[in-house]
Amino acid sequence: MEHAGKGFITSIERFKPHTFQAELGEGLFMSHSHEHDELTLILDGEGYYSSQEQNIKVSKGDLILIPSKLHHGFVCTKPWQGISVHFSYDKVPAYSQYLFLNAYRQPVRIRSSRLNDEHMSWAELCLSQMEKEWKSDEKRDDSYDLMRIAFETILLLFHRNTATLQAPTEKTSDREIVQEVLKEIHQCYNTPITINEIASRHFLSESMLRKKFSEILGISPKQYIINLRLEEAKRLLQQTNKAIDYISSEVGFTSSSRFYDLFVKSVGVTPLEWRKQNQHAH
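Mapping of the sequence shown onto UniProt numbering: residues 1 to 282, in sequence order.
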């Protein structure tokens, strides 16, 4: 079966040991930017990543996230090697999108996380599996799932090893509650969750949660879940050859007919028509 495409990844590159000559001077930090986001793991050596406001020292075990279109530069000071993945944020799976909401609280900055030895080995294994699946000429539909799981694992390792300093508060703010609700939704959007269940976990009535959620995000939690399911369905339609009814169930719709109706209402064409129009638009 022909694979639908390479999905959310646009490139995976390994950089090998090298150093620059000192006489190159400031040219070492000549900035550039990418149309896509970048995730880089330093496997060995040392160096610096820089942007207009930052100059971050990195070494073995550092995991680096660079937002798209951010001008940045880098220099190796001790022979280094690593793996870089460039990807399209708008095509990453739903839970990964939530993780990036946290990672890019300051979207114009480079973010880094220091992994311990065990987590570095885990991240390298995940990146190697992603690289193997992405470069394979014999892709299957489970290739997408393997890359998704590996990608989410790396992002979770990034968050686990990033120190987050927050001032203690006596009362959880509405924005913090909505942030936690978003996390739950992105984790469980493909299960038969209800707004009432989510609200009860935060000691709120359903109507109060709807009010807080809508005030902050401009959309009801129910519609947010529907939109998230539809966006994930579109990614699966474009990036895999999975059957449409299977995709409907996988993203959380219990009724195929409801999925079709909501998809047509949102997109204007049927899932099959949308797939034909977009599956090879890479």
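Idealized CB from N, CA, C, for every residue including glycine. These numbers were taken from a predicted model, which means no experiment stands behind them.
| Query | Result |
| --- | --- |
| Identified DSSP bridge partners for Glu-273 | Bridge partners of Glu-273: none, in fact. |
| Residues near Arg-275 in its chain [Cβ-Cβ closer than 6 Å; skip 5 each side] | Leu-237 |
| Identity of the residues DSSP links to Arg-114 by a beta bridge | Asp-62 |
| Those runs of the alpha helix (DSSP H) which lie wholly inside the region 125-201 and span at least 4 residues | 141-160, 174-188 and 195-201 |
| Thr-180 to Gly-218 span [Cα, whole Å] | According to the sequence as given, residue 180 is Glu; it is not Thr. Spanning the two alpha carbons is a distance of roughly 17 Å. |
| Heavy atom of the ligand GDP within 8 Å of Asp-142 beta-carbon | This structure lacks the ligand GDP, and indeed carries no ligand of any kind. |
| The alpha helix (DSSP H) enclosing Val-267, as first and last residue numbers | 256-267 |
| 8 Å Cβ shell around Asn-161 - same chain, five flanking residues per side excluded | Leu-63, Ser-113, Arg-114, Leu-115, Asn-116 and His-119 |
| Inter-residue CB distance, Tyr-48 and Val-92 (contact presumed, cutoff 8 Å) | About 27 Å separates the two Cβ atoms, so there is no contact after all. |
| Classification of Pro-67 by the beta-carbon crowding that lies within 10 angstroms, buried from 16 upward | buried |
| For Pro-93, the three-state DSSP class (helix, strand or coil) | coil |
| Length-filtered (4 minimum) alpha helix (DSSP H) runs lying within the region 200-259 | 206-217, 221-239 and 244-250 |
| Selection from Ala-199, Val-58, His-71 and Ser-257 that minimises the alpha carbon distance to His-32 | His-71 |
| Contact check, Glu-38 vs Ser-84, beta carbons under 9 Å | yes |
| Beta-carbon gap between Glu-232 and Tyr-189 smaller than 9 Å | yes |
| Cβ-based neighbour list, Val-58, same chain, cut-off 8 Å, excluding 5 preceding and 5 following | Ile-42, Glu-46, Gly-47, Tyr-48, Tyr-49, Ile-64 and Ser-112 |
| Per-residue DSSP class, three states only, for Ser-84 | strand |
| 9 Å Cβ cutoff met for Ile-225 and Gly-252 | yes |
| For Leu-125, the nearest candidate out of Thr-240, Tyr-144, Pro-192 and Ile-154 (CA to CA) | Ile-154 |
| Within 9 Å, strictly: CB atoms of Ile-185 and Lys-212 | no |
| Exposed unless 16 or more other CB atoms sit within 10 angstroms - verdict on Ala-150 | buried |
| For Phe-15, the first and last residue of its enclosing beta strand (DSSP E) | 9-15 |
| Through-space distance from Glu-131 to Ala-262, alpha-carbon basis | Sequence check: residue 262 is Leu here, not Ala. When rounded, the distance between both Cα atoms is 35 Å. |
| Segment limits, beta strand (DSSP E) that includes Ser-50 | 37-51 |
| In DSSP terms, what Ser-55 is bridged to | Inspection of the sequence shows that residue 55 is occupied by Asn rather than by Ser. Note: Asn-55 sits in a beta bridge opposite Ser-50. |
| Cut-off 7 Å between Cβ atoms - residues of its own chain near Trp-80, not counting five sequence neighbours on either side | Pro-17, Ile-42, Asp-44, Gly-45, Glu-46 and Gly-47 |
| Assigned secondary structure, His-119 (DSSP; H/G/I helix, E/B strand, else coil) | helix |
| Short Cβ contact (9 Å threshold) for Leu-99 with Glu-152 | yes |
| Distance CB(Ser-266)-CB(Leu-209) smaller than 9 Å | no |
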